[in-house]
Amino acid sequence: MSRAAPSGGSRKISFNVSEQYDIQDVVGEGAYGVVCSALHKPSGQKVAIKKITPFDHSMFCLRTLREMKLLRYFNHENIISILDIQKPRNYESFSEVYLIQELMETDMHRVIRTQELSDDHCQYFIYQTLRALKAMHSANVLHRDLKPSNLLLNANCDLKVCDFGLARSAASTEDNQGFMTEYVATRWYRAPEIMLTFKEYTKAIDVWSVGCILAEMLSGKPLFPGKDYHHQLTLILDVLGTPTMEDYYGIKSRRAREYIRSLPFKKKIPWKVMFPKTSDLALDLLERLLAFNPVKRISVEDALKHPYLEPYHDPEDEPTADPIPEEFFDFDKNKDNLSKEQLKQLIYEEIMRPKSFPFNPPKYPVKKGNTITTTTNPANFGFPLIESWKFPSHSVYKSDPQLHGNIPVCFVKEREEKKRANSA
């Protein structure tokens, strides 16, 4: 469909997708793509169509390939799924990638900016984030870019992790320089060991990010909004204090140790001073998530068992994923030797690879030139960003004395349905 462009510097964006999709509104835009909402006419389901134009830069190609491969690998309630991939007409004309995904209503970044979250919300959202992370880590995958804008939400309080473009294998032997080459995402959620050039990175880097997100949900503002590398580390040490001798010698880089040693001694600020209205259980979990030493940082599995998340924790309903085979990330190991054309070929092969989707993929783009009008949008490249959206104040939660508090009605219903199905 085509819409007239309004005045004010707007432009039309063409979506070359099947007539099965009725293109609607632009909901996010970034460096190498744009996301629109659409209606899948055969099913009546609203979806998000992510149009990616990655072939100008090898880095964009790598991110697109990782995203497609990983989202097709995982099948998890708290990880955004690919419903369909639009197949190109042929390789010669292949210049755009179209991922059809679930449509969510907003993201955590926008929610934190527009409303205060209750303790119940914080519990439920962190639980779902850790639930997704458990699946990733069991598959030996590091997300590496967990931040509020990569946590998608809807009015049912469902949370789904998105944007796997920076993900890596936890078994990777990549050195620090290689690991950091594409690490251009915001530094505010980076673990200290990344900046201190540890020789090995573990699943604990994602756990640190979850701690930063929890702190931001509790306070409504980022915990460590560093302006640069040095400022970021300074902010972390201002709160956590100077590392203990054990933690200091855990830093393998001599240069990093010397830098830490050059800084003035700092006392740790108690979390209760920073978050006086927050429950002791929430602060205890925060303390464990934000341990300076990655070896001492709580694991995802133990975090899910933490008393703060007791209302939701159910080991029978926190699925894992099979470890990803070693050859899954072969393209990453050889990325320095792959040309853009070779990466394009890998992306094409991934799109054409047989895979069952919830929708029946069309054979070809039967309608060219579906267009949508957009203005320049500075929002993070991702999914719907609804400025004025708020959680409904009614019927979202109900009191459950067995779970010691208020929990989302939708969550209760889902658990009850699962238990009935299992007992049948």
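Following UniProt numbering, the numbering of the sequence shown begins with 1 at its first residue and continues without gaps.
We put the CB at the ideal spot given by N, CA and C, even for glycine.
| Asked | Found |
| --- | --- |
| Beta-carbon proximity of I79 to Q101, cut-off 7 Å | no |
| Of the listed residues K12, K50, V111, M59, nearest to S339 (C-alpha basis) | M59 |
| Exposure of Q115, with buried meaning 16 or more beta-carbon neighbours within 10 Å | exposed |
| The stretch 37-56 / the stretch 279-294 touching (three or more Cβ pairs under 8 Å) | no |
| Unbroken beta strand (DSSP E) run spanning Q40, endpoints | A quick correction: the sequence has His, not Gln, at residue 40. Its beta strand (DSSP E) spans residues 33-40. |
| Proximity of I324 and N140 at Cβ, strictly below 7 Å | yes |
| Helix, strand or coil at K46 according to DSSP, with G and I counted as helix | strand |
| Touch test, the stretch 207-218 against the stretch 116-128, Cβ-Cβ under 8 Å, three pairs minimum | yes |
| Buried versus exposed call for D302 [16 or more other C-beta atoms within 10 Å across all chains shown] | exposed |
| Neighbourhood of S93 by C-beta distance below 8 Å, restricted to the same chain and skipping five residues each side | none |
| Residues near A38 in its chain [Cβ-Cβ closer than 7 Å; skip 5 each side] | Y21, D22, I23, Q24, V47, I49 |
| One or two residues paired with Y21 in a DSSP bridge | H40 |
| Beta-carbon proximity check, L343 vs C61, cutoff 7 Å | yes |
| Nonlocal neighbours in the same chain, by C-beta distance under 7 Å from M136, ignoring five residues either side | H143 |
| CB of K203 within 7 Å of CB of E318, strictly | no |
| Sequence ranges, alpha helix (DSSP H) only - wholly within the stretch 259-346, length at least 4 | 271-274, 280-289, 300-304, 330-333 |
| Three-pair Cβ contact test at 8 Å for the stretch 251-260 versus the stretch 304-312 | no |
| Three-state secondary structure assigned by DSSP to Y364 | Note that Y364 scores a pLDDT of 30, beneath 50, so its modelled location is shaky and nothing firm can be said. |
| From V207, S169, E200, L233, residue whose alpha carbon lies closest to that of K333 | S169 |
| F265 and T242 closer than 7 Å at C-beta | yes |
| Exposure of H109, with buried meaning 16 or more beta-carbon neighbours within 10 Å | buried |
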